[in-house]
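Numbering (my numbering), first residue to last: 12 to 383. By construction, the Cβ of each residue, glycine as well, lies at the ideal position given by its N, Cα and C atoms. Predicted model, so just to flag it, every value in this text is computed and none were measured.
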């Protein structure tokens, strides 16, 4: 009996040791599972809001340029020398007013030659006409004048008549050119440049213009409007204008025309406004700031700017449905500071995350906290 007990004792000890090890391992595993459950099953709470539509408006200040309503370079049509100057830079002129007189002796000589030629052709025409009338009278008596002779005389008279009329036209044309010796203003305005003095030779194609005249009674204001705003409504169709020379004054400019195309380089459209300038306080060529008040024709979806996530690839918002997140691609509209207009697969009443982030992935379960 004692020998049998001695053999069984090591076996019992081994079994007990194994059981103890298994018990400890099981307890450790249960403890780890209990400790890990709260971490694995944790659901984050996220602030959300419900999309509402609202009036979409934007105030934008854009650089602009003031231009004269009309601006012309006055050149000489006839080569000659400046005989007399009647205006200077800064002179205010009326339409048709003489600005300068040109002297062209060659033109006067040419007109005299054409006059002499016209007078000679007139004499020939009158002579051939008189001869034809006498021949025609004589031809009424049978056999006195041959039929062919009468026709020849008639043809000569007609040729002389055409030559006389042509010479008359040449004289009239030369005299018309002579009228260009008086340089006149094409419209009322102010002389802004003068490039000649008395005695200057003018009329060459490469010459500078004699004068430049601007009509500044109404100024044109050109503004390059970014593409995103070109379809919006301009409130009251006016812009508020300020200039560096008159920083304490505001001027109202009325929108009168649009270019109708987007410039390829600047991605903008030229809008042109007009400003009454009867007191001549504003100067063409000046830079100005144009404040524009834009409105959408209809209400749009406006969300907090923090809800829009921008990456290198896209822009998106995070929509929440039944506690599950989903990324929705969008396009931005008007940026209104802390709010922005969006377009995409979202609509009024949808729930979005207030502060979007790339770390909040699609199909993540969250606890949505409605922001009031």
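*In chain order, which alpha helix (DSSP H) runs of at least 4 residues are fully inside the segment 60-115?*
none
_With distance defined between alpha-carbon atoms, name the residue in 212, 336, 189 and 280 nearest to residue 120._
189
*Measure the CB-CB distance between residue 93 and residue 273 and report whether it falls below 7 Å.*
no
_With 16 other Cβ atoms within 10 Å as the buried cut-off, status of residue 330_ = buried
_Let me check one thing: in DSSP terms, what residues is residue 373 bridge-paired to?_
Residue 373 pairs with nothing; no bridge assigned.
*So what does residue 301 bridge to, in DSSP terms?*
73 and 252
_Distance between beta carbons of residue 345 and residue 69, contact taken as under 8 Å_ = 4 Å
_For a test of the three-state rule: what should DSSP assign to residue 239, helix, strand or coil?_
helix
*Going straight from the alpha carbon of residue 309 to that of residue 235, what length do you get?*
24 Å
*Can you tell me which of 341, 170 and 304 puts its alpha carbon nearest to the alpha carbon of residue 246?*
304
*Can the beta-carbon of residue 161 be found less than 7 Å from the beta-carbon of residue 150?*
yes
*Excluding sequence positions up to five away, which residues of its chain have a Cβ less than 6 Å from the Cβ of residue 200?*
224, 225 and 226
*Which of helix, strand or coil does DSSP assign to residue 307?*
coil
*Given 8 Å as the limit, is there contact between the segment 365-377 and the segment 320-340, that is, 3 or more CB pairs closer than that?*
yes
_Which residues DSSP lists as bridging residue 229, in chain order_ = 287, per the DSSP bridge assignment.
*Per DSSP, which residues does residue 332 bridge with? Please list them.*
335
*asked:* Rounded to the nearest angstrom, what separates residue 184 and residue 116 at their Cα positions?
replied: 17 Å
*Around the Cβ of residue 237, are there at least 16 other Cβ atoms within 10 angstroms (buried) or fewer (exposed)?*
exposed
*Tell me whether residue 144 sits in a helix, a strand or coil according to DSSP, three-state version.*
helix
_Is it buried or exposed, residue 171, if we count other Cβ atoms within 10 angstroms and call 16 or more buried?_
buried
*Would you kindly report the start and end of the unbroken alpha helix (DSSP H) that includes residue 214?*
From DSSP, residue 214 is part of no alpha helix (DSSP H); its letter is neither H nor E.
*Report yes if the C-beta distance between residue 196 and residue 313 is below 7 Å; otherwise report no.*
no
*Cβ contact check for the segment 129-145 and the segment 211-220: 3 or more pairs under 8 Å*: no
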